[in-house]
Amino acid sequence: MISMQSRVRDVYAHPIGRDILDKILMQMGRSTKWITNPLVASLRLSRLRTLLGPKLGEDLFDTFIELLNSEPDRPRTDKVPDTPRWWKEAVFYQIYPISFQDGNGDGIGDLQGIIRRLDILRNLGIDALWLCPVYDSPCDDNGYDIRDYRAILEQFGTLEDMDELIAAVHARGMRIIMDLVVNHSSDEHPFFLEAMRDPHSPKREYYFFREGKEDGGPPNNWTSFFSGSAWKEMPDKSYALHLFSSKQMDFNWDSPALRDEVAAIVRWWLERGIDGFRLDVINYISKRPGLPDGNRFIGDLMEFTGVEHYFYGPKLHSYLRELRQKAFEPYDAFSVGETPGIGREMGKLLTQQDRAELDLIFNFDHLETPGHVRFDDYRYDLNFLKSYYIDYSRSLTGHEWLSLFFENHDNPRMSSKVNPDPALREPLSKLLLSILLLLKGTPFLFQGQELGRGNQDFASLDEFRDVESLNKYRALLDEGKSEEEALAVLLAGSRDHSRIVMAWDDSAHGGFSTVEPWIRQDALYRDVNVAAQREDPASVWRFTQDMIRLRRQIPGFAYADIRFFEEARKDYFCWERTVGAEQDTNRSADVSARTIRVEMNLSAERKALPTLRKTNAHLVLRNYPLKEVLRLFEPYEVRVWRY
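Numbering of the sequence shown is given in our numbering, commencing with residue 48 and proceeding in unit increments.
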């Protein structure tokens, strides 16, 4: 048990303690060496409380200790062979339906549009699709506010269209998973409407309704991720909790009846042929009893107050195990959890296979460099990404697996964060894709990433559509920022950068639609589109296809051991993957050329870096022309050898 007499080293040895301290240090732009310094490591928490309590708040230490002691388990550290599973070998492709392909000419992507483009995705080499929400929704947050979990939003099509999509995906030898948004529902969901109509309804327990404080304010000081209070005052003067928009009401997972409803929804879709789910902000489902006020220091540091009371709640593990047992296990369905705030060690406790909770998580610690958040305008240092993946890969034991991703519907384009220079867009995009597809783990590509798509050149506020961005803009104006300053913040971090429509060819609207799309498309589509890149052997699309093909040419590649080289050398990222007989799941008779070596220049400058000198090695991929290879690496150059 952790107490005030425990030392910093004791806290850092705890999975929650390690992840929280690492995250705090990262937000402060500090190295973990600050914690492991013997002088700091030996300090007792009581001493820190004396020194820092007045500044950080006396309740911080009590909350921290209670959180640590809520987790008695430790991740397994013994090494075991990887257990083969289809999702470990697959290349996933995330589809944001409203922006993928319009099939009926209304400017909005839909299910028939997705069906129309399946052959292209299969030709690229995609094994599994991740479909963002297409459920019936008021679309306050682009479908993440669900009104009916068993219906399709009319703009996307019908249940019959969904069944057709599932069948078409399976007919091509692919799989499909859906987003499952069950931390919250729309305030137009029948459960919430009934809870509002009748204060004594059993559905009232499905949500968090609380009385306000005596001064007339909300029940606590928690803030929404979309700005302002996390509480909405209702007509009956009660308050309802919403961690996201004021139309996304948090479910109360402490209600057994609510948990049964969620399990029934999962089973209903699995019966229709869905192969699994990505569970949206699933680590938020367990809130600390009493919903206490959030700590001011943590709120200032993380930019959201109250997160310490729900990002790793006391019943999270039991709720996930129950859901898996009731819904996922009978269908052998796949689950990947979106888990904001969850670090590496806590992630292991959520995914180690003998714990029977989740198969994978999305850990977001690598998406921003230390000291930065998404809306900061800065240049991302790829050396941080290198260190992150080396450390994470080394920590894996075979009991868990790594998800590989840089982009999704909630983040700007990675290449623009690293270097927005259009002259370097192609080699940089290919480098990033090489990391995703050739490290050990399951790669998740986001639509447009295979084209090397960068950020959109939004010119004014009226071109933005995302509720988070619009709320952020208003909040910045309230803080005294000018309109120009507020717009600059949105340009740095808006989710709309990834949500612009796909460019399929150079025709009007990029072949996405025959009419004006729901969100403006910039002129880049004339050059950066699928049709042009499929015909160009040197394109990002073809490079992606070649890398996926390389993964398949070596039996057992997904499970191949990984070894890193020259780790301390700045701007140089190098690793090898070697398939041993135990990883060759096909028991191939060909035992030659089972090693892949990847060498990268992580900088925008030409550099002299180490390169392979083996007579039996062949250069199979390079993001520059395959001519004579010199010691000098081009900007963001990638070399892939096979021997």
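Glycine included, every Cβ here is placed at the ideal spot set by N, Cα and C. Fair warning: this is a prediction, and the values are worked out from it, not measured in the lab.
- [ ] Name the one or two DSSP bridge partners that residue 669 has.
- [x] Within the sequence shown, residue 669 is the residue found at index 622, counting from 1. Under the DSSP definition of a beta bridge, residue 669 partners with 686.
Task: Assumed close pair residue 333, residue 363 - CB separation to whole angstroms, cut-off 8 angstroms - done: Here residue 333 refers to the residue found at position 286 of the sequence shown. Here residue 363 refers to the residue found at position 316 of the sequence shown. About 4 angstroms separates the two Cβ atoms, so the contact holds.
TODO: Would you tell me roughly how many angstroms separate the C-alpha atoms of residue 593 and residue 224, rounded to the nearest one?
DONE: On the sequence shown, position 546 is the one that residue 593 refers to. On the sequence shown, position 177 is the one that residue 224 refers to. Residue 593 and residue 224 have their alpha carbons spaced roughly 25 angstroms apart.
Task: Three-state secondary structure assigned by DSSP to residue 638 - done: What you label residue 638 is simply residue 591 of the sequence shown in a count that begins at 1. Summary for residue 638: the model assigns pLDDT 49, below 50, so the residue's position carries little reliability; its value from the coordinates is reported in the next sentence. DSSP, reduced to helix, strand and coil, places residue 638 outside both helices and strands of the structure shown, so it counts as coil.
Task: Given 8 angstroms, three or more beta-carbon pairs between the segment 349-361 and the segment 444-455 - done: Fewer than three Cβ pairs drawn from the segment 349-361 and the segment 444-455 lie within less than 8 angstroms of each other, which leaves the two stretches out of contact.
Task: Where the beta strand (DSSP E) containing residue 385 begins and where it ends - done: Taking the sequence shown and counting its residues from 1, the one referred to as residue 385 is at position 338. Annotation: the continuous beta strand (DSSP E) that includes residue 385 extends over 381-385.
Open item on the list: Do residue 463 and residue 495 count as a contact pair if the criterion is CB distance below 9 angstroms?
Closed with: Indexing the sequence shown from 1 puts residue 495 at position 448. Indexing the sequence shown from 1 puts residue 463 at position 416. When the beta-carbon positions are compared, residue 495 and residue 463 stay at least 9 angstroms from each other.
Open item on the list: Alpha carbons only, please: which of 143, 72, 53 is nearest the one belonging to residue 112?
Closed with: As a working mapping, residue 112 is identified with position 65 in the sequence shown. Among 143, 72, 53, the Cα nearest to that of residue 112 belongs to 53.
Task: Rounded straight-line distance, which links the Cα of residue 620 to that of residue 394 - done: Walking along the sequence shown from the start, residue 394 turns up at place 347. Walking along the sequence shown from the start, residue 620 turns up at place 573. About 25 angstroms.
TODO: Give, in chain order, every unbroken run of the beta strand (DSSP E) that is at least 3 residues long and sits entirely within the segment 223-256.
DONE: Assignment of beta strand (DSSP E) within the segment 223-256, counting only whole runs of 3 or more residues, yields 231-233 in chain order.
Task: Beta carbon of residue 323 nearer than 9 angstroms to that of residue 383 - done: Locating residue 323 in the sequence shown gives position 276, counting from the first residue. Locating residue 383 in the sequence shown gives position 336, counting from the first residue. Against a cut-off of 9 angstroms, the Cβ pair of residue 383 and residue 323 comes out as a contact.
Task: Alpha-carbon to alpha-carbon, residue 627 and residue 360 - done: Counting from one through the sequence shown, the residue named residue 360 turns up at place 313. Counting from one through the sequence shown, the residue named residue 627 turns up at place 580. Near 41 angstroms, if we compare the C-alpha coordinates of residue 627 and residue 360.
Task: First and last residue of the uninterrupted beta strand (DSSP E) at residue 323 - done: The count along the sequence shown starts at 1 and reaches residue 323 at position 276. That run of the beta strand (DSSP E) goes 323-326.
Open item on the list: Within a Cβ cutoff of 7 angstroms, which residues of the same chain sit near residue 514, ignoring the five residues on either side of it in sequence?
Closed with: Position 467 of the sequence shown, counted from the start, is the residue given in the question as residue 514. 187, 188, 273, 292.
Open item on the list: Please state whether the Cβ-Cβ distance between residue 329 and residue 398 is less than 9 angstroms.
Closed with: Here residue 329 refers to the residue found at position 282 of the sequence shown. Here residue 398 refers to the residue found at position 351 of the sequence shown. No, Cβ-Cβ distance for residue 329 and residue 398 is not below 9 angstroms.
Task: Close Cβ partners of residue 145 (< 6 angstroms) along its chain, the five nearest in sequence each way excluded - done: Along the sequence shown, one-based indexing puts residue 145 at 98. Taken in chain order, the residues that qualify are 155, 156.
Task: Cross-strand partners of residue 609 (DSSP beta bridge) - done: Numbered from its first residue, the sequence shown carries residue 609 at position 562. Residue 609 pairs with 624.
Task: Neighbourhood of residue 521 by C-beta distance below 8 angstroms, restricted to the same chain and skipping five residues each side - done: Position 474 of the sequence shown, counted from the first residue, corresponds to residue 521. The answer, listed in chain order, is 274.
- [ ] Using a threshold of 9 angstroms, state whether the C-beta atoms of residue 331 and residue 357 are closer than that.
- [x] Residue numbering aside, residue 331 sits at position 284 when the sequence shown is read from its first letter. Residue numbering aside, residue 357 sits at position 310 when the sequence shown is read from its first letter. Result yes, Cβ atoms of residue 331 and residue 357 sit closer than 9 angstroms.
Open item on the list: Quick check: residue 142 and residue 208, are their CB atoms within less than 9 angstroms of each other?
Closed with: Numbered from 1 along the sequence shown, position 95 holds the residue referred to as residue 142. Numbered from 1 along the sequence shown, position 161 holds the residue referred to as residue 208. Annotated as distal: residue 142 and residue 208, with beta-carbon spacing of 9 angstroms or more.
Task: Closest Cα partner of residue 289 within the set 271, 302, 71 - done: Position 242 of the sequence shown holds residue 289. Measuring from the Cα of residue 289, the nearest candidate turns out to be 271.
Open item on the list: In this structure, how does DSSP classify residue 60 when only helix, strand and coil are distinguished?
Closed with: The residue you call residue 60 lines up with position 13 of the sequence shown. Collapsing the DSSP output to three states places residue 60 in coil.
Open item on the list: Tell me which residues share the same chain as residue 83 and place their Cβ nearer than 6 angstroms to its Cβ, disregarding the 5 neighbours each side in the sequence.
Closed with: Here residue 83 corresponds to residue number 36 of the sequence shown, with the count starting at 1. In its own chain, leaving out the 5 sequence neighbours on each side, no residue places its CB closer than 6 angstroms to the CB of residue 83.
Open item on the list: With H, G and I counted as helix, E and B as strand and the rest as coil, what does DSSP make of residue 676?
Closed with: Counted from its first residue, the sequence shown places residue 676 at position 629. Note: residue 676 maps to coil in three-state DSSP.
- [ ] Put residue 170 into one of helix, strand or coil per three-state DSSP.
- [x] Sequence index remark: in the sequence shown, residue 170 carries index 123 (1-based). It is helical.
Task: Residue burial classification, residue 253 (beta-carbon count within 10 angstroms, cutoff 16) - done: Taking the sequence shown and counting its residues from 1, the one referred to as residue 253 is at position 206. By the neighbour-count rule (16 or more Cβ atoms within 10 Å), residue 253 is buried.
Task: Cβ contact check for the segment 602-620 and the segment 639-649: 3 or more pairs under 8 angstroms - done: When Cβ pairs closer than 8 angstroms are counted between the two stretches, the segment 602-620 is seen to touch the segment 639-649, the count reaching three or more.
Task: Pick from 671, 493, 661 that is closest to residue 584, judged by C-alpha positions - done: On the sequence shown, position 537 is the one that residue 584 refers to. Of the candidates 671, 493, 661, 671 places its Cα closest to the Cα of residue 584.
Open item on the list: Please return the same chain residues whose Cβ sits closer than 7 angstroms to the Cβ of residue 159, not counting the five positions on each side in sequence.
Closed with: Start at 1 with the first residue of the sequence shown, and residue 159 comes out as number 112. Closer than 7 angstroms at Cβ, skipping near neighbours: 150, 151, 204, 208.
- [ ] Flag this pair as touching only if the segment 535-542 and the segment 418-434 have three or more C-beta atom pairs under 8 angstroms; answer yes or no.
- [x] Short answer: they touch.
Open item on the list: Using a Cβ-Cβ cutoff of less than 6 angstroms, which residues in the same chain neighbour residue 43 once the five nearest sequence positions on both sides are dropped?
Closed with: Outside the displayed span of the chain (48 to 690) sits residue 43, for which this structure offers no information.
Open item on the list: Looking only at its chain, what residues have a beta carbon closer than 7 angstroms to the beta carbon of residue 294, apart from the 5 residues adjacent to it on each side?
Closed with: Walking along the sequence shown from the start, residue 294 turns up at place 247. Counting only Cβ-Cβ distances below 7 angstroms, and skipping sequence neighbours, we find 185, 187, 192, 233, 234.
Task: Three-state secondary structure (DSSP) of residue 617 - done: Here residue 617 is taken as the residue at index 570 of the sequence shown, counted from 1. In this structure, residue 617 counts as coil in the three-state DSSP scheme.
Open item on the list: Using 9 angstroms as the threshold, is the C-beta distance between residue 753 and residue 659 below it?
Closed with: Summary: the structure shown does not reach residue 753, with the chain confined to residues 48 through 690, and so no result is reported for it.
Open item on the list: So, for residue 635: in the same chain, excluding its five sequence neighbours on each side, which residues have a beta-carbon less than 6 angstroms away from its beta-carbon?
Closed with: Position 588 of the sequence shown, counted from the first residue, corresponds to residue 635. For residue 635, the predicted structure reports a pLDDT of 49, less than 50, and the residue's modelled location is therefore unreliable. The matter cannot be settled from this model.
Task: Pair within 9 angstroms by beta-carbon distance, residue 338 and residue 255 - done: Position 291 of the sequence shown, counted from the start, is the residue given in the question as residue 338. Position 208 of the sequence shown, counted from the start, is the residue given in the question as residue 255. Their beta carbons are under 9 angstroms apart, which means residue 338 touches residue 255 by this criterion.
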